[in-house]
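**Student:** Protein chains in written order, with this note's numbering: chain W, 1 to 108; chain R, 109 to 415.
The following block contains the structure, expressed as structure tokens.
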Ligand code: FES
Ligand SMILES: [Fe+2]
């Protein structure tokens, strides 16, 4: 277990608006990493890629992969433009991200 | 009371992003029982104390949410009568043939003013609750996880709540048990019962049609809600809020999410509804308390996180 802790790579995730940053373990999603550290900046909803509240844009060609996300929240074009759901976003390098989703599903 | 007409929520079909983690969630964690699968890849589940062969249908899709919700009516004569009444009301009715859902008799499907497809059916294959009908034990051994008793109700989000209520009350024979009024006295939330329960289906005003807020499953006690919450902790299930108390319906509750972001609830302890009761009204300024009685603040996620 401690070996695992030693060896896991960590990537620095920076929220572009605030400049706030936190570390995300290799293989972990960005939203979970933020929450586990008690940090804020990306709104948290379902944590399952369904609600779209945690939509973010990855800036500056950051390297990452995603697991399956709702097509209703992220279109193929969105994906090509670096838009992802933070709860399904797995960094493969340091990332600069901009939260997008909070106002989208609001009442009115 | 003597049941005729619509008896109870019978099933709901949920879209999931990936089947395998969804089955882990609904079978291993909620404790539902897999009863079948069809050639479209849909998986059929029942809770242990349900007697019909399924209540939840999972369908793998590109976006989560609810395909439809179905209610069981008392007889095929009721089903025929509703088909006529719904058409006369001006809503189109589609007939789904027997067997289209495995083990379910023919259904009628229609879209209500909030945009949700709703179905009625009279017959579904019997599975039993595993205890038999002669000198039964109180519960079966070997249940898993939260051991939910039954699929109980859904809360759905969409527009035109007053029209939805008019249809459920005047065509389907439901009673309005509780409602939420905004400062201009517009109904923005409605809780409807076809039975003795405080709600069998509920609606909250939302600009986008046909959104899904949660599917709820019944537990027996507050202690069982805590036990369910422990299972969520153990398996890192995404918890929304709770355990806590609803003002509306008085239910003791915890909200959480399935792996695709569809919200689930396990709850216990609402009151008994009788048709001679007066509906309860909640005003907009007390809405926070109406929804989560202890927190007493408007919960952003409750109002905006839907699939
Ligand atoms: S929190 Fe719902 S999609 Fe990420
Ligand atoms: Fe509920």
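In this text, a Cβ means the ideal position worked out from N, Cα and C, and glycines have one as well.
With distance defined between alpha-carbon atoms, name the residue in R:364, R:306, R:228 and R:213 nearest to residue 409 of chain R.
**Tutor:** When only C-alpha atoms are compared, the closest one is R:364.
**Student:** Just how far apart, CA to CA, sit residue 234 of chain R and residue 196 of chain R?
**Tutor:** Inter-residue distance for residue 234 of chain R and residue 196 of chain R is about 32 Å (C-alpha atoms, whole angstroms).
**Student:** Is residue 109 of chain R close to chain W, meaning its C-beta is less than 8 Å from at least one C-beta of that chain?
**Tutor:** Here residue 109 of chain R scores only 49 on pLDDT, less than 50, and its place in the model should not be relied on; the value that follows carries that caveat. Judged by the 8 Å Cβ criterion, residue 109 of chain R is not in contact with chain W.
**Student:** From residue 205 of chain R to residue 236 of chain R, what does the alpha carbon distance come to, in whole angstroms?
**Tutor:** The straight-line gap separating the alpha-carbon atoms of residue 205 of chain R and residue 236 of chain R is approximately 24 Å.
**Student:** Would residue 109 of chain R be called buried (16 or more neighbouring beta carbons within 10 Å of its own) or exposed?
**Tutor:** Legend: pLDDT at residue 109 of chain R = 49, less than 50; position of this residue unreliable, no value from coordinates given.
**Student:** Is there a Cβ of chain W sitting closer than 8 Å to that of residue 361 of chain R, yes or no?
**Tutor:** no
**Student:** How would you label residue 336 of chain R, buried or exposed, when you count the other beta carbons within 10 angstroms and need 16 or more for buried?
**Tutor:** buried
**Student:** Nearest to residue 373 of chain R by alpha carbon, out of R:327, R:156, R:265 and R:124?
**Tutor:** R:327
**Student:** Indicate whether at least one CB of chain W lies closer than 8 Å to the CB of residue 400 of chain R.
**Tutor:** No, because no Cβ of chain W sits closer than 8 Å to the Cβ of residue 400 of chain R.
**Student:** Of all residues in the structure, which have a C-beta closer than 7 Å to any heavy atom of ligand 2, taken in chain order?
**Tutor:** Counting every residue whose Cβ lies closer than 7 Å to a heavy atom of ligand 2, we get R:261, R:263, R:310, R:322, R:324, R:359, R:361, R:373 and R:375.
**Student:** If we ignore side chains and look at the alpha-carbon of each, how far apart do residue 104 of chain W and residue 73 of chain W end up?
**Tutor:** Per-residue confidence for residue 104 of chain W stands at a pLDDT of 49, beneath the threshold of 50, marking its modelled position as unreliable; the derived number appears in the next sentence. Cα to Cα, residue 104 of chain W sits roughly 10 Å from residue 73 of chain W.
**Student:** Residues of chain R with CB closer than 7 Å to the CB of residue 38 of chain W, please, in chain order.
**Tutor:** What residue 38 of chain W touches in chain R: nothing, since even the nearest Cβ is about 16 Å away.
**Student:** What residue range is occupied by the uninterrupted beta strand (DSSP E) comprising residue 113 of chain W?
**Tutor:** Because residue 113 of chain W is not part of the residues shown, which for chain W are 1 to 108, the question remains open.
**Student:** Cβ-heavy atom distance between residue 87 of chain W and ligand 1 below 7 Å?
**Tutor:** yes
**Student:** With 8 Å set as the bound, which would you pick, yes or no: does the beta-carbon of residue 365 of chain R sit closer than that to a beta-carbon of chain W?
**Tutor:** yes
**Student:** Residue 37 of chain W: buried (16+ other C-beta within 10 angstroms of its C-beta) or exposed?
**Tutor:** Under a 10 Å Cβ-count criterion, residue 37 of chain W is classified as exposed, with fewer than 16 other Cβ atoms of the shown protein chains found around its own Cβ.
**Student:** At 7 Å on the CB atoms, spell out the chain W contacts of residue 413 of chain R, in chain order.
**Tutor:** 45, 46, 51 and 53
**Student:** Any Cβ of chain W within less than 8 Å of the Cβ of residue 407 of chain R?
**Tutor:** no
**Student:** Name, please, each residue of chain R whose Cβ falls closer than 7 Å to the Cβ of residue 71 of chain W.
**Tutor:** Within 7 Å Cβ-Cβ: 170 and 171.
**Student:** Taking only the alpha-carbon atoms, compute the straight-line gap between residue 33 of chain W and residue 89 of chain W and give it to the nearest angstrom.
**Tutor:** 11 Å
**Student:** Let me see if you follow: with CB-CB separation under 8 Å, is residue 297 of chain R close to chain W or not?
**Tutor:** Closer than 8 Å: no.
**Student:** What in chain W is Cβ-close to residue 370 of chain R, meaning under 8 Å?
**Tutor:** 46, 48 and 50
**Student:** For the beta strand (DSSP E) containing residue 348 of chain R, name the first residue and the last one.
**Tutor:** 347-353
**Student:** For residue 276 of chain R, tell me which candidate among R:254, R:218, R:208 and R:259 has the shortest Cα-Cα distance.
**Tutor:** R:218
**Student:** Extract the residue ranges of the beta strand (DSSP E) inside the segment 212-255 of chain R, only unbroken runs of 3 or more that lie entirely within it.
**Tutor:** 215-219 and 225-229
**Student:** Candidates R:274, R:255, R:307 and R:304: which alpha carbon is nearest residue 329 of chain R's?
**Tutor:** R:255
**Student:** What residue range does the beta strand (DSSP E) around residue 389 of chain R cover?
**Tutor:** 388-391
**Student:** Pick helix, strand or coil for residue 366 of chain R, following the three-state DSSP scheme.
**Tutor:** Here residue 366 of chain R sits in coil by DSSP.
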